[in-house]
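Trainee:
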Amino acid sequence: MKLLVTGGAGFIGSNFILYWIKNHPEDKIVNLDKLTYAGNLENLTSIQNNPQYTFIKGDICDLGLVDKVMEGIDIVVHFAAESHVDRSILNPSDFVLTNVVGTQVLLDASLKKKIKKFHHISTDEVFGSLELNDMNKFTERTNYSPRSPYSASKAASDHLVRSYFHTYDLPTTITNCSNNFGPYQFPEKLIPLAITNLLENKKVPVYGDGLYIRDWLYVEDHARAIDLVIQKGKVGETYLAGGMTEDVSNLDLIKKILNIMGKDESYIEYVKDRPGHDRKYSVDWSKIKNELGWEPKYDFEIGLQKTIDWYKQNVEWWKKIKSGEYQNYYQKQYGAAI
Ligand code: NAD
Ligand code: DAU
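Just so you know, we're using my numbering here: the sequence shown kicks off at 252 and counts up by one.
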């Protein structure tokens, strides 16, 4: 099999490629990535000379290029996206271009080349927000109700994928997963931001009252879920993947990290809230469990410990990122607060 992975130099895409090469040594992977601020080929140095793997720098919105790259591809695994909610609030247009137009370009090319499967990576954020005291979870039947430019653009991309299945019989599948964490995550997202700030002896910015709830999934578990859906998922179907069995607020999460890293609560800095901040996400992953036998392997505390260890052992990786352009973003987002 030959896979086209889009956005394979990002956090989840690179973890997925490393996972796939290890678990499917007979397959070939082409990684198409524009290398935006979030794309980092250092995530893939261990396989850069592997004959199974090819990298192509390019934009998924470029139809001519996508048509060429799609030659001989069996399966498309589509990760490429603008992925950070805060940046979507600062600048929504990049999100519409890559997440909506880029997805449509890939769908068109996939149709033309009659590819065997198009797997689309999406998010639980398309379902909007639960109330704090709501014990219901998102399921595959939950109505879409996106509330940020990021989640609205991802929702649009999901609708496009389904429309190509229904209208043109393109063999598609979708996974909507919860917040991933683990190695190689860009330190603008909460967990790597907290860990790397603490390693630099800086405070951790907590938005609003900190009582927001996310459903955390260790990235390797996500890669396994995608693998199963690609191999055994039913065409036209959507599968949700999540990790948590109980609610953990951002504040609880930061306290867990402080505790593991031997820091006290004076390292918590409350900062202004995110506009339109979704209160709670919680994912019911019983469909993928019952139909495909998937469940997360890593308990939250173990995943967190592994992640902290990784950032401790890979200081050079994140120090490079946190210098340069990153400083401008950090200043814009957090101002003088930290
Ligand atoms: P990321 O921001 O770390 O990586 C995105 C990658 O896409 C980067 O390598 C970037 O260079 C590339 N890219 C961006 N625009 C491109 C374009 N126009 N053409 C080609 N490449 C482009 O993102 P991530 O956290 O790894 O997320 C990957 C996917 O998973 C996204 O679709 C995201 O919506 C989805 N997702 C992420 C999470 C999460 O917690 N991180 C959870 C659910 C779903
Ligand atoms: O739910 C899946 C989504 O998870 C993915 O689709 C997105 O691509 C991914 O970025 C992530 O979105 P979130 O907005 O939930 O992740 P983030 O790490 O930005 O924030 C997690 C929570 O922490 C959220 O409630 C906001 C809060 N937060 C975040 C930052 C960066 C803070 O309190 N302080 C911060 O500095």
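We put the beta carbon where it would ideally sit given N, CA and C, even for glycine.
The model shown is predicted, which means the values in this text are computed figures rather than measured ones.
Return yes when the Cβ of H335 is within less than 8 Å of the Cβ of K440, no when it is not.
Mentor: yes
Trainee: Between the segment 512–527 and the segment 452–461, do three or more beta carbon pairs fall short of 8 Å?
Mentor: As far as the Cβ criterion goes, the segment 512–527 touches the segment 452–461, which means the pair count is three or higher.
Trainee: Nearest to G259 by alpha carbon, out of G461, A474, E451, F378?
Mentor: A474
Trainee: What does C590 pair with, by DSSP beta-bridge criteria?
Mentor: Because the chain here runs from 252 to 589, residue 590 falls outside it and cannot be looked at.
Trainee: Contact check, I372 vs I263 under 8 Å by CB: the rounded distance?
Mentor: 7 Å
Trainee: With 16 as the cutoff for other CB atoms within 10 Å, does H417 come out buried or exposed?
Mentor: exposed
Trainee: Just curious, the beta strand (DSSP E) that W467 is in, first and last residue?
Mentor: That run of the beta strand (DSSP E) goes 467–469.
Trainee: How many whole angstroms separate the CB atoms of I326 and K368, which I take to be in contact at a CB cut-off of 8 Å?
Mentor: 5 Å
Trainee: Beta-carbon within less than 7 Å of P438's beta-carbon, same chain only, minus the 5 sequence neighbours each way: which residues are those?
Mentor: L444, T447, W569, I572, K573
Trainee: When the Cα of A289 is compared with those of L255, Q436, H370, Q355, which residue comes out closest?
Mentor: Q436
Trainee: Under three-state DSSP, which class holds P547?
Mentor: coil
Trainee: Out of G433, N266, S414, N579, state which residue places its alpha-carbon closest to the alpha-carbon of G494.
Mentor: Considering only G433, N266, S414, N579, the residue with the shortest C-alpha distance to G494 is G433.
Trainee: Would you say K405 touches the ligand NAD, meaning its beta carbon is less than 7 Å from a heavy atom?
Mentor: yes
Trainee: Let me make sure I understand the geometry here. Which of S344, G379, E382, M321 has the alpha-carbon closest to that of K364?
Mentor: M321
Trainee: Excluding the 5 residues flanking V593 on each side, which residues of the same chain have their C-beta closer than 6 Å to its C-beta?
Mentor: The chain is shown only over 252 to 589; residue 593 falls outside these bounds and no answer can be derived.
Trainee: Quick one: Cα of S396 to Cα of Q482, how far?
Mentor: 30 Å
Trainee: Note down the Cα distance separating T257 from S344, rounded to an integer number of angstroms.
Mentor: 20 Å
Trainee: Quick test of your reading: L543 and G484, contact by CB under 8 Å. State the CB separation rounded to the nearest angstrom.
Mentor: 7 Å
Trainee: Output the boundary residues of the beta strand (DSSP E) element that contains V522.
Mentor: 519–522
Trainee: For a quick check, are the C-beta atoms of R530 and Y463 less than 8 Å apart?
Mentor: Taking 8 Å as the Cβ cut-off, R530 and Y463 qualify as a contacting pair.
Trainee: Is H329 helix, strand or coil when you go by DSSP?
Mentor: strand
Trainee: Which class does L254 belong to by DSSP, given the choice of helix, strand or coil?
Mentor: strand
Trainee: On a CA-only basis, which of D385, M512, R398 is nearest Q556? Give me that one, please.
Mentor: The shortest CA-to-CA distance from Q556 to any of D385, M512, R398 is the one to M512.
Trainee: Kindly indicate which three-state DSSP category V347 falls into: helix, strand or coil?
Mentor: In the structure shown, the three-state DSSP call for V347 is helix.
Trainee: Which residues mark the beginning and the end of the alpha helix (DSSP H) in which K405 is found?
Mentor: Note, K405: alpha helix (DSSP H), 400–419.
Trainee: Using CA coordinates, which residue listed in V566, N342, K273, S537 is at the minimum distance from K388?
Mentor: S537
Trainee: Checking 8 Å against the spacing of the C-beta atoms, do R465 and Y532 come in under that value?
Mentor: yes
Trainee: Does N282 come out as helix, strand or coil in the three-state DSSP assignment?
Mentor: strand
Trainee: Relative to the alpha-carbon of E451, which residue among G353, V351, E567, E376 has its alpha-carbon at the smallest distance?
Mentor: Comparing Cα positions, the closest option is E567.
Trainee: Nearest-angstrom Cα distance between K285 and K548?
Mentor: Rounded to whole angstroms, K285 to K548 spans 32 Å at the Cα level.
Trainee: What residues are listed by DSSP as bridge partners for T287?
Mentor: Beta-bridge pairing links T287 to no other residue.
Trainee: Name the residue from C312, D359, S399 whose alpha carbon lies nearest to the alpha carbon of P526.
Mentor: S399
Trainee: Cutting at 8 Å between CB atoms, please list the residues of its own chain near N274, excluding the five before and the five after it.
Mentor: Around N274: D478.
Trainee: Relative to the alpha-carbon of N291, which residue among P302, N301, K308, W545 has its alpha-carbon at the smallest distance?
Mentor: K308
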